[in-house]
DNA sequence: TAGGCCATCTGGTCCT
DNA sequence: AGGACCAGATGGCCTA
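In full-length UniProt numbering, the protein residues as written are 1 to 128.
Quick look at the structure:
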């Protein structure tokens with residue numbers, strides 16, 4: 001199967017094309033470096049922590065909550081790492097075009113489907 | 001300014 | 001009991 005065949009596989013890849021256009025024209029091009037983005041995220045974290053100091057001070061329950069929040073944060077980071085790993089093995093992505101989470105999942109599903117089709121066709125040709 | 005995407009917090013539920 | 005998972009709420013950032 002040629003790559004152009006893969007491109008022709010219905011909607012999710014059209015979504016991908018739109019996503020690439022959208023992202024290539026955004027973020028990094030307007031001087032927003034990844035470092036700055038990270039800084040903004042950290043600042044967000046600090047704000048949250050400042051808000052939560054009261055929870056920290058309100059005894060065992062507050063401590064348990066904060067511990068659970070840490071675990072949840074860690075869990076979501078793991079999930080995002082897995083999504084990044086998935087993005088990295090998907091084909092034909094320009095360096096600065098990052099798929100959203102939902103786009104990544106849809107594209108992966110579509111890509112697997114296309115590969116499966118390719119294998120099935122190969123098997124058919126081998127047998128006949 | 002509205003809408004999309006994201007990170008985080010939170011409470012509920014299930015599992016070990 | 002404590003941890004994992006989940007879904008809803010909230011607020012920030014960015015683009016059209």
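Ideal Cβ positions, reconstructed from N, Cα and C, are used throughout, including at glycine.
From a predicted model like this one, the values you see are computed outputs, not experimental measurements.
Boundaries (first-last residue) of the alpha helix (DSSP H) holding residue i
i           : result
residue 119 : 101 to 127
residue 97  : No alpha helix (DSSP H) contains residue 97, which DSSP labels as neither H nor E.
residue 86  : 60 to 89
Beta-carbon separation (whole angstroms), residue i vs residue j, contact threshold 8 Å
i          : j           : result
residue 83 : residue 111 : Actually they do not touch by this definition, with Cβ atoms about 14 Å apart.
residue 87 : residue 99  : 6 Å
Proximity winner among the options, relative to residue i (alpha-carbon distances)
i           : options          : result
residue 85  : 123, 70, 71, 101 : 101
residue 104 : 122, 79, 118, 59 : 79
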